[in-house]
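> Residue numbers (my numbering): 3 to 334.
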């Protein structure tokens, strides 16, 4: 598994929030649901994305798709000058700006929401509502807002999602979760492969570690014959007791040479990068395999004991592995 495959494999929706939004101008939605990641595909009309700073708004046209990284609030509207008329809160509760509930007013049927079934704007919206559904490393690799133009990608998943989103069949939630995962994977794979071509880069809420072409440094490093091989070794077998010397021996360069070249291309030392890979994998395992013991997870990701994993996990994530798992499982 390469780094990009491992990154995209981390998205796992669980009863994700999915709907078809149909709106009539003038409309404006204030999104403050604190969701970690949201995918918006525009079927018809125009939508403008604005953030709470001085950056110019970004326009989404028919056939375009946007991925928004949370949890910062933002506004989606028919025009940047339209003031918010609906506020989306955590849990996807919707109200007017002064707090009046709009759930019943804007319910247009099965997973269909808006102000009129014949509205000129139609958006498909999929939201990962829990941080554990999307890997931390994936979120860190993305800008605040990326946009993929209609003519820069072609995916069979989007029309299938559009067809299934208003269906109400047994097991439909599970089907839609997997379709959302596939759509996100398709979008990000096309975006990464194009070096960010056709995107609007709005990663302005902090330091963006991408180059002007839009690729995160570890992705560019995969093309390097030495560092790329080292990265594949780390991702293919993160549980091995890797050292810089061992990686250097396999890649055929000196220890100092590998360490220097890796840091230059990836942006961090090999062992620091490996720690991130191991802890991201541990977080995914804790979420996906809820019966596996912490000791077993530690062994699979390269830690000698549950205590060693717990110490490293809490240092990076701010909570213990047990607390992380309890949050994902909804246990107090």
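All C-beta atoms in this analysis are idealised placements derived from N, C-alpha and C, irrespective of residue type, glycine included.
How would you call residue 62, buried or exposed, if buried means at least 16 neighbouring beta carbons within 10 angstroms?
Looking up residue 62 in the chain shown gives position 60. By the neighbour-count rule (16 or more Cβ atoms within 10 Å), residue 62 is buried.
> Excluding sequence positions up to five away, which residues of its chain have a Cβ less than 7 Å from the Cβ of residue 321?
By one-based count along the chain shown, residue 321 stands at place 319. Sequence-distant partners of residue 321 (beyond 5 residues in either direction) whose C-beta falls short of 7 Å from its own C-beta are missing from its chain.
> Which partner residues of residue 305 appear in the DSSP bridge assignment?
Numbered from its first residue, the chain shown carries residue 305 at position 303. DSSP output for residue 305 lists no bridge partner at all.
> Considering Cα atoms alone, identify which of 305, 58, 292, 172 is closest to residue 325.
Taking the first residue of the chain shown as position 1, residue 325 is located at position 323. Here the closest residue by C-alpha is 292.
> If we call anything under 8 Å between Cβ atoms a contact, is residue 122 one with residue 46?
Counting from one through the chain shown, the residue named residue 122 turns up at place 120. Counting from one through the chain shown, the residue named residue 46 turns up at place 44. Yes.
> With DSSP run on the structure shown, which of helix, strand or coil describes residue 211?
The residue labelled residue 211 in the question sits at position 209 within the chain shown. With a pLDDT of only 40 at residue 211, under the threshold of 50, the placement of this residue in the model should not be trusted; the figure read from the coordinates follows. Of the three classes helix, strand and coil, the one that applies to residue 211 here is coil, per DSSP.
> Run through the stretch 124 to 190 for me and flag every whole beta strand (DSSP E) of 3 or more residues, listed as ranges in chain order.
147 to 150
> Look at the Cβ atom of residue 299, then the Cβ atom of residue 284, and state whether they are nearer than 8 Å.
Residue mapping note: residue 299 aligns to position 297 of the chain shown, counting from 1. Residue mapping note: residue 284 aligns to position 282 of the chain shown, counting from 1. Taking 8 Å as the Cβ cut-off, residue 299 and residue 284 qualify as a contacting pair.
> Are the CB atoms of residue 42 and residue 67 nearer to each other than 8 Å?
As a first step, residue 42 is located in the chain shown; it is residue number 40 there, counting from the start. As a first step, residue 67 is located in the chain shown; it is residue number 65 there, counting from the start. In this structure, residue 67 lies closer than 8 Å to residue 42 by Cβ.
> For residue 124, count neighbouring Cβ atoms within 10 angstroms of its own Cβ and tell me buried if that reaches 16, exposed if not.
Taking the chain shown and counting its residues from 1, the one referred to as residue 124 is at position 122. Buried, because 16 or more other Cβ atoms sit within 10 Å of the Cβ of residue 124.
> Expressed to the nearest angstrom, what Euclidean distance is found between the alpha-carbon atoms of residue 316 and residue 297?
The residue given as residue 316 occupies position 314 in the chain shown. The residue given as residue 297 occupies position 295 in the chain shown. Distance between the alpha carbons of residue 316 and residue 297: 15 Å.
> For a test of the three-state rule: what should DSSP assign to residue 91, helix, strand or coil?
Numbered from its first residue, the chain shown carries residue 91 at position 89. Residue 91: strand per DSSP, three-state reduction.
> Count the CB pairs spanning the stretch 275 to 290 and the stretch 307 to 315 that are closer than 8 Å, and state whether there are at least three.
yes
> Please confirm if the stretch 30 to 38 is in contact with the stretch 77 to 85, defined as three or more CB-CB distances below 8 Å between the two stretches.
yes
> On the DSSP bridge assignment, give the partners of residue 72 in chain order.
The sequence position of residue 72 within the chain shown is 70, counting from 1. Residue 72 is not bridged to any residue.
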